[in-house]
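**Q** Take this structure first; my questions come after.
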Amino acid sequence: PVTKLFLHYGDLSDSGQLTNIIYNIQPDEIYHLGAQSHVRVSFDLPEYTGDITALGTTRLLEAIRRSGIKTKFYQASSSEMFGAAPSPQNENTPFMPRSPYAAAKVYSYWMVKNYRDGYNMFACNGILFNHESPRRGETFVTRKITRGLAHIIAKKEKKIYLGNLEAKRDWGYAPEYVEAMWLMIQQEKPDDYVIGTGETHSIKEFLDEAFSYLDMDWKNYVEVDSRYFRPTEVEYLQADYDKARKELNWSPKVSFKDLVKIMVDYDLELLNLPSPSLGKEIIKKNGLDWNKDYKLILSKHP
531 PVTKLFLHYG DLSDSGQLTN IIYNIQPDEI YHLGAQSHVR VSFDLPEYTG DITALGTTRL
591 LEAIRRSGIK TKFYQASSSE MFGAAPSPQN ENTPFMPRSP YAAAKVYSYW MVKNYRDGYN
651 MFACNGILFN HESPRRGETF VTRKITRGLA HIIAKKEKKI YLGNLEAKRD WGYAPEYVEA
711 MWLMIQQEKP DDYVIGTGET HSIKEFLDEA FSYLDMDWKN YVEVDSRYFR PTEVEYLQAD
771 YDKARKELNW SPKVSFKDLV KIMVDYDLEL LNLPSPSLGK EIIKKNGLDW NKDYKLILSK
831 HP
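Per our numbering, the sequence shown starts with residue 531, numbered consecutively.
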């Protein structure tokens, strides 16, 4: 078979290595998704988070500049940068970060803008609100819920332990957000874009959707554990993605309720449990293949 993916060992703390990799490969497009990306962990590891999440971006930008190659750079910014700022949040909303992770992402955001302006570099910030899929890490709240639910059905666990159930987030489907990343890089000029759904839902609502999908009441299976609370909470995030809609012709198609069904179905099937299978139908309807790890088919963008 023809090899389409090559892995190169790299470390965001090693600028020399990053420069060598970029110079040797000379990629047309770079998507910088690497980070210490867990908000709660960033309070326990603030220095490490700053080194990898913030300075790691600078090292990549410097690697591009030093190598002298012409490439397009995408930076994964985060809605966490908005923190306590009023909703809905768009590209003009001031940042009010409330975690070491968010502060590191704000630093990265401004470094991208500085390299874009100072060195005429094609570099974009994608300010993505929460994007979920069955590939979400098991320590993140959405996957923790759907995986925990499946394990309860399988009688492997009895409870799910969570933190702040009142926190509200703008949750979307990750493959659609990857398409938005790609679209940013295809524009004639680099710019920054907010990507989200324009809706916000609490963790309680996510629990309601997940458990009611299987005719269960989450209140019988979920307990609040203070260990999962953050020292400073972000209570409410909601995207205003009007700029992306107009300039990228991008809008989300998978609804919040559909997203939950997709994730529940997947975690049930991982344990060889029967599922309602509505998530499968949603996947197929949106041009994705359930059996190929949700690979996004960009046939409309050849």
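C-beta: ideal position from N, C-alpha, C; glycine also.
1) Which same chain residues, not among the five before or five after Leu535, have their C-beta less than 8 Å away from its C-beta?
2) Once you ignore the five residues that flank Asp722 on each side, which residues in its own chain have a CB closer than 7 Å to its CB?
3) Indicate the three-state DSSP secondary structure (helix, strand or coil) for Arg638 in the structure shown.
4) Grab me the residues of Lys698's own chain with a C-beta within less than 6 Å of its C-beta, minus the 5 sequence neighbours each way, in chain order.
5) Leaving out the 5 sequence neighbours to the left and right, which residues in its chain are closer than 7 Å to Ser597 when beta-carbon positions are compared?
6) May I have the straight-line CA-CA distance separating Thr676 from Ile594, to the nearest angstrom?
7) Tell me which residue opens and which closes the alpha helix (DSSP H) that Gly809 is part of.
8) Can you grab the Cα-Cα spacing for the pair Leu692 / Val754, in whole Å?
9) When you compare only the Cα positions, how much space is there between Leu800 and Arg646?
10) Quick one: what's got a C-beta closer than 7 Å to Thr762's C-beta in the same chain, skipping five residues either side?
11) The beta strand (DSSP E) spanning Gly546 covers which residue range?
12) Output needed for Tyr743: all residues of its chain with C-beta closer than 7 Å, excluding positions within five of it in sequence on either side, in chain order.
13) Which ranges would you report for the alpha helix (DSSP H) in the segment 546 to 626 if only whole runs of at least 4 residues count?
14) In angstroms with no decimal places, state the Cα-to-Cα distance between Arg666 and Thr727.
15) Which residue marks the beginning of the beta strand (DSSP E) containing Glu753, and which one marks its end?
16) Taking 8 Å as the cut-off, decide whether the C-beta atoms of Pro624 and Tyr703 are in contact.
17) Residues in the same chain with beta-carbon distance under 6 Å from Leu695, minus the five sequence neighbours each way, listed in chain order, please.
18) Run through DSSP, which three-state label would Leu801 get?
19) Between which two residues does the beta strand (DSSP E) holding Phe670 run?
20) For Ala697, does the three-state DSSP call read helix, strand or coil?
21) In three-state DSSP terms, what is Tyr771?
22) Does the segment 611 to 621 come close enough to the segment 560 to 575 to have 3 or more Cβ pairs within less than 8 Å?
23) Run through DSSP, which three-state label would Gly540 get?
24) For Gly656, which three-state DSSP category applies?
25) Near Trp748, which residues of its chain fall below 6 Å by C-beta distance, leaving aside the five closest residues on each side in sequence?
26) Taking DSSP as the reference, what is the three-state secondary structure of Ser742?
27) Kindly indicate the opening and closing residues of the alpha helix (DSSP H) around Tyr707.
28) Exposed or buried, Ser543, counting other C-beta atoms within 10 Å across all chains shown (16 or more means buried)?
29) Run the CB neighbour count on Arg757, radius 10 Å, all protein chains shown included, and call it buried at 16 or more, exposed below.
30) Applying the criterion that 16 or more other CB atoms from any shown protein chain within 10 Å of the CB defines a buried residue, is Tyr604 buried or exposed?
31) So what's Asp823 in DSSP terms, helix, strand or just coil?
**A** Judging by the given coordinates:
1) Shown here for Leu535: not one same chain residue has a beta carbon closer than 8 Å to its own, the five before and five after excluded.
2) Closer than 7 Å at Cβ, skipping near neighbours: Glu621, Cys654, Asn655, Ile657.
3) Note that residue 638 corresponds to Ser in the displayed sequence, not to Arg. In the structure shown, Ser638 sits in a helix (DSSP, three-state: H, G or I).
4) These residues qualify, in order along the chain: Thr730, Ser732, Tyr766.
5) Here Ser597 has Thr549, Ile552, Tyr553 as same chain residues with Cβ atoms under 7 Å from its own Cβ, once five neighbours each way along the sequence are excluded.
6) Cα-Cα distance, rounded: 40 Å.
7) Start and end: 808 to 815.
8) About 5 Å.
9) Looking at the two C-alpha atoms, the distance is approximately 44 Å.
10) Hits under 7 Å: Arg628, Ser629.
11) Per DSSP, Gly546 belongs to no beta strand (DSSP E); it is in the alpha helix (DSSP H), 545 to 555.
12) Only Val790, Lys791, Val794, Pro806 meet the Cβ criterion.
13) For the segment 546 to 626, whole alpha helix (DSSP H) runs of length 4 or above, ordered along the chain, are 569 to 574, 576 to 579, 585 to 597.
14) Rounded to the nearest angstrom, the two C-alpha atoms are 18 Å apart.
15) According to the DSSP assignment, Glu753 belongs to the beta strand (DSSP E) that extends over 752 to 754.
16) In this structure, Tyr703 does not lie closer than 8 Å to Pro624 by Cβ.
17) The beta carbon of Leu695 sits closer than 6 Å to those of Ile733, Lys734, all from its chain and outside the five residues before and after it, given in chain order.
18) The DSSP-derived three-state label of Leu801 is coil.
19) Phe670 -> no beta strand (DSSP E), and no H or E assigned at all.
20) Annotated three-state conformation of Ala697 is coil, per DSSP.
21) In the displayed model, Tyr771 falls within coil according to three-state DSSP, outside both helix and strand.
22) No, because fewer than three Cβ pairs between the segment 611 to 621 and the segment 560 to 575 fall closer than 8 Å, the two stretches do not touch.
23) Per DSSP, reduced to three states, the secondary structure at Gly540 is coil, with no helix or strand assignment.
24) In the structure shown, Gly656 sits in a strand (DSSP, three-state: E or B).
25) Excluding sequence neighbours, Trp748 sits near Leu737, Phe741.
26) Correct three-state label for Ser742: helix.
27) Here the alpha helix (DSSP H) through Tyr707 covers 704 to 715.
28) Classification for Ser543: exposed.
29) Arg757 is exposed by the Cβ-count criterion.
30) Tyr604 comes out buried.
31) With a pLDDT of only 43 at Asp823, under 50, the local geometry of the prediction cannot be trusted, and the value read off the model is given with reservation. If DSSP states are grouped into helix, strand and coil, Asp823 belongs with coil.
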